[in-house]
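Its first residue numbered 1, the sequence shown is counted upward by one per residue in the UniProt record's numbering.
Worksheet: the structure to be examined is printed underneath.
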Amino acid sequence: MLFRSALRSVVPRALPRVQAPAARTFASALPRLSAQEPVIQGPGGKAGEVPTDLEQATGLERFELLHKLKGEEAFSLEPLEVPRLGTVADPIMVFSLDTERIVGCTGFPVDSHDTILFPVGKDKPVRCPECGCAYQTDFQGVEHDHGHH
Ligand SMILES: [Zn+2]
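Spelled out as structure tokens, the structure:
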């Protein structure tokens, strides 16, 4: 248990479901753009009004918001279990839906140093500057091509 409450592991309890609209509520806002990536999109704001988060949130933000409305957490809030010191050759893998995450290390064994926050990417391990524990993201999201701007 290396991570504190400030930095929680983000592990989805359930993937966004894309299904036929059963009711007019949330399911109707789940059209498919491609075979791989479900689009979770709200109805948008009404003309002349400031949209609410529920109306304008998209993607993971909407996914999380819809779960909160049902009184559930979309993502695990439990700290990441770290049973060993991560090494560059065998880093602690951190589930991530983005290519980069901020990790909060408290040392190994747990709480052997104050929480140190640092960014961790998917391409190579990053070591904690205090204890040397190595982390790398276990990227499970969808690569986005930003070259279209
Ligand atoms: Zn550390």
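All C-beta atoms in this analysis are idealised placements derived from N, C-alpha and C, irrespective of residue type, glycine included.
Which term fits Thr106, buried or exposed, when burial requires 16 or more other beta carbons within 10 angstroms of its beta carbon?
-> buried
Sub-7 Å separation of Phe95 and Lys122 beta-carbons = no
What residues come near ligand 1, if near means a beta carbon less than 6 Å from any of its heavy atoms?
-> Cys105, Gly107, His113, Ile116, Cys128, Glu130, Cys131 and Cys133
Gln140, DSSP secondary structure in three states = Of the three classes helix, strand and coil, the one that applies to Gln140 here is coil, per DSSP.
Take the Cβ of Val103 as the centre, count every other Cβ of all protein chains shown within 10 Å, and call the residue buried at 16 or more, exposed below.
-> buried
Look at the Cβ atom of Gly141, then the Cβ atom of Leu97, and state whether they are nearer than 7 Å.
-> Their beta carbons are under 7 Å apart, which means Gly141 touches Leu97 by this criterion.
Count the other CB atoms within 10 Å of the CB of Val82; is the residue buried (16 or more) or exposed (fewer)?
-> buried
Would Pro91 be called buried (16 or more neighbouring beta carbons within 10 Å of its own) or exposed?
-> buried
Local Cβ density within 10 Å of Arg84, reported as buried at 16 or more and exposed below that = exposed
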